[in-house]
Amino acid sequence: MQLTQENLVLETEYGKFELIFNYKNAFDKELFLDKYIDILDDKPFIVGDIAYEKLRLSGFFNNKDKNHPKNIRNLEEYLLEFCNLACPFFVLKRI
Numbered sequence: 520m521q522l523t524q525e526n527l528v529l530e531t532e533y534g535k536f537e538l539i540f541n542y543k544n545a546f547d548k549e550l551f552l553d554k555y556i557d558i559l560d561d562k563p564f565i566v567g568d569i570a571y572e573k574l575r576l577s578g579f580f581n582n583k584d585k586n587h588p589k590n591i592r593n594l595e596e597y598l599l600e601f602c603n604l605a606c607p608f609f610v611l612k613r614i
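Our numbering applies: residue 520 is where the sequence shown begins, and numbers increase by one.
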């Protein structure tokens, strides 16, 4: 999987984030802000994937449980199982 490392830092009303991956230029700040919900406030990583021109946001943790489906270490598995094949996606890290 080819990932572009962006390292763009953005400040929003929801916190400060670093764009660490932006596959197929999926990240759109305005769309992200429009789709953000408060349940993501405690998640250190946010993954956005696009299918059928719709953005879906999911929160991820970086914890010791390597088998947890929402562990950021399992991102590739999540993308393969729950997202459209080769869909555009991005990863934001809360800083």
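Built from N, CA and C at the ideal position, the CB exists for glycine as well.
1) For P607 and E596, I'd like the C-alpha separation in whole angstroms.
2) Here's a check: name, in chain order, each residue in its chain whose Cβ is nearer than 7 Å to the Cβ of E530, leaving out the five neighbours to either side.
3) Comparing alpha-carbon positions, which option in R575, R592 and A605 lies nearest K583?
4) For K573, which beta-bridge partners are listed by DSSP?
5) What does DSSP give as the partner residues of I556 in its beta bridges?
6) Using only the alpha-carbon positions, how far apart do L611 and Y533 sit?
7) Can you find the residues in the same chain that come closer than 6 Å, C-beta to C-beta, to L527, ignoring five residues on each side of it along the sequence?
8) So for T523, helix, strand or coil by DSSP?
9) Take the Cβ of I556 as the centre, count every other Cβ of all protein chains shown within 10 Å, and call the residue buried at 16 or more, exposed below.
Looking at the coordinates:
1) Counting from one through the sequence shown, the residue named residue 607 turns up at place 88. Counting from one through the sequence shown, the residue named residue 596 turns up at place 77. Taking the straight line from one Cα to the other gives about 15 Å.
2) For the purposes of this step, residue 530 is taken as the residue at position 11 of the sequence shown. Closer than 7 Å at the Cβ level, and outside the excluded window around E530, lies no residue.
3) Against the sequence shown, residue 583 aligns to sequence position 64. Residue R592 is the option with its Cα nearest to K583.
4) Your numbering for residue 573 matches position 54 in the sequence shown. Beta-bridge pairing links K573 to A570.
5) Numbered from its first residue, the sequence shown carries residue 556 at position 37. In DSSP, I556 forms no bridge with anything.
6) Within the sequence shown, residue 611 is the residue found at index 92, counting from 1. Within the sequence shown, residue 533 is the residue found at index 14, counting from 1. L611 and Y533: Cα-Cα distance of roughly 12 Å.
7) By 1-based counting over the sequence shown, the position of residue 527 is 8. Within the same chain, L527 has close Cβ partners L538.
8) Taking the first residue of the sequence shown as 1, we reach residue 523 at position 4. Model confidence at T523 stands at a pLDDT of 49, short of 50, so the residue's coordinates are unreliable and nothing is read from them.
9) Stepping through the sequence shown from its first residue, residue 556 is reached at position 37. Exposed.
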